[in-house]
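Quick note on the numbering used here: the sequence shown kicks off at 7 and runs consecutively. These notes concern the structure reproduced below.
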Amino acid sequence: MTDPFAPLPPSGAVSGGNITCAQCGAMVPAAEASWSGKGEQICKRCEALETIDEGDTRAAVSILGGGIGALSLGVLSLCINPLLLFSAMAIISGVGTLVVLGRHPEYRQRMAWRYPVAIATSVLGILLALVIPFFLFLGLLGIAMSA
Ligand SMILES: [Zn+2]
């Protein structure tokens, strides 16, 4: 049985147990070759680059998740806010996202449109989270003034 999904080796690609890397075109021993996510045979160097790439993209997406989490918690804190718990969580999530973005400027390019969205959602989340504590503070101030 031959695997119908196996890519056909281009003529001349296999010589002396070597394969041609589908990405950089380098000749590498078949024993050192790997499979790419697209099912092509690639060399170790290209495999490493691909792994870093996927990891970075995942990180970039999770940073955006932090910003959206901050915004959701900020909105939630306006409705339900026992002991200012959701305000605190929104601020932690928003500040955490902004700190990560500040420390990793290299994500800016990889995140593309997610970068400004992550910043905007983090800042908005923090601002929304501050609304209830702000009015509580004003209220306490009012009580203190009238006493
Ligand atoms: Zn390669």
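Don't be surprised by glycine CBs; every beta carbon is placed ideally from N, CA and C. Note that the structure is predicted; figures quoted are calculated from it, not measured.
Report yes if the C-beta distance between residue i and residue j is below 8 Å; otherwise report no.
| i | j | result |
| --- | --- | --- |
| A36 | G23 | yes |
| I138 | S68 | no |
| A76 | T127 | yes |
| T57 | R116 | no |
| G80 | L134 | yes |
| A32 | Q47 | no |
| L147 | A124 | no |
| G73 | T103 | yes |
| S100 | G145 | The question names Ser, but residue 100 is Gly in the sequence shown. The answer is no: Cβ separation not under 8 Å. |
For the beta strand (DSSP E) holding residue i, just list the boundary residues, first then last.
| i | result |
| --- | --- |
| I149 | Segment R120 to S152 is the alpha helix (DSSP H) holding I149; no beta strand (DSSP E) there. |
So, helix, strand or coil for residue i, using DSSP?
| i | result |
| --- | --- |
| I98 | helix |
| I86 | coil |
| Q115 | helix |
| S3 | Outside the modelled stretch of the chain, which goes from 7 to 153, sits residue 3, for which no answer is possible. |
Regarding residue i and ligand 1, is the C-beta to nearest heavy atom distance less than 7 Å?
| i | result |
| --- | --- |
| Q47 | no |
| A32 | yes |
| Q115 | no |
| C27 | yes |
| W85 | For the sequence presented, residue 85 should be read as Cys rather than Trp. C85 Cβ: outside cutoff for every heavy atom of ligand 1. |
| R64 | no |
| R109 | no |
| R51 | yes |
Please confirm if residue i has its CB atom under 8 Å from at least one CB of chain D.
| i | result |
| --- | --- |
| A76 | Within the model displayed, chain D is absent; a lone protein chain is all it includes. |
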